[in-house]
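Have a look at the structure below, then the notes.
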Amino acid sequence: MATHLNSFDAIYQVVQLIPQGKVTSYGAIAAYLGMKGGARMVGWAMNASHTLENVPAHRVVNRNGILTGKNFFGGNRMQELLEEEGIQVKEDKIVGFQQHFWDPSIEL
DNA sequence: GGTATGACAATGA
DNA sequence: GTCATTGCCATAC
Numbered sequence: 087m088a089t090h091l092n093s094f095d096a097i098y099q100v101v102q103l104i105p106q107g108k109v110t111s112y113g114a115i116a117a118y119l120g121m122k123g124g125a126r127m128v129g130w131a132m133n134a135s136h137t138l139e140n141v142p143a144h145r146v147v148n149r150n151g152i153l154t155g156k157n158f159f160g161g162n163r164m165q166e167l168l169e170e171e172g173i174q175v176k177e178d179k180i181v182g183f184q185q186h187f188w189d190p191s192i193e194l
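Per the numbering used here, the first sequence starts with residue 87, numbered consecutively.
Set out below in structure tokens:
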């Protein structure tokens with residue numbers, strides 16, 4: 087149902103819908119939007135959403151559970167945010183990633 | 001309108 | 001199991 091929204095808006099919506107303490111992967115969002123191979127584009131949208139404060143991009147990590155965009159948050163800002171939500175982060179990687187994984191294609 | 005880039009993902013060796 | 005290469009979509013120049 088994201089066909090009416092632009093790719094960026096659609097991604098923003100999904101990211102904002104991520105529950106606190108949960109994380110998802112770029113591919114999951116892309117797949118939910120129908121852009122299975124457009125995972126890179128999701129990261130691109132995140133870059134644009136970085137200017138916004140309503141988009142918890144810190145809950146979006148790659149399929150490996152690594153905080154790829156941590157560098158874009160300005161240091162360990164991303165890791166601290168995740169830890170505050172109850173997510174353990176070790177070496178820029180989420181501990182029990184599958185445990186905190188939130189798939190929009192299933193939850194939504 | 002074509003080329004280059006991007007916070008990825010999947011496959012092959 | 002890890003490393004390297006290719007593919008995908010959309011945006012930016």
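Just so it is clear, CB atoms sit at the ideal spot from N, CA and C, and this is done for glycine as well. All figures in this text were calculated on a predicted structure; none of them were measured in a lab.
DSSP three-state assignment for residue i, whether helix, strand or coil
| i | result |
| --- | --- |
| V101 | helix |
| T137 | coil |
| K176 | strand |
| V146 | strand |
Contact check, residue i vs residue j, beta carbons under 8 Å
| i | j | result |
| --- | --- | --- |
| M132 | G155 | yes |
| I180 | L168 | yes |
Other residues of its chain near residue i: CB distance less than 7 Å, five sequence neighbours each side excluded
| i | result |
| --- | --- |
| H136 | A143, F158 |
| Q106 | E171 |
8 Å CB neighbourhood of residue i in its chain, flanking five on each side removed
| i | result |
| --- | --- |
| S191 | A114, A117, Y118 |
Residues bridged to residue i (per DSSP)
| i | result |
| --- | --- |
| T110 | V146 |
Identity of the residue in the options nearest residue i by Cα
| i | options | result |
| --- | --- | --- |
| D178 | G123, K122, V147, Q184 | V147 |
Close-in-space but distant-in-sequence residues of the same chain around residue i (CB under 6 Å, 5 per side omitted)
| i | result |
| --- | --- |
| R145 | I104, V109 |
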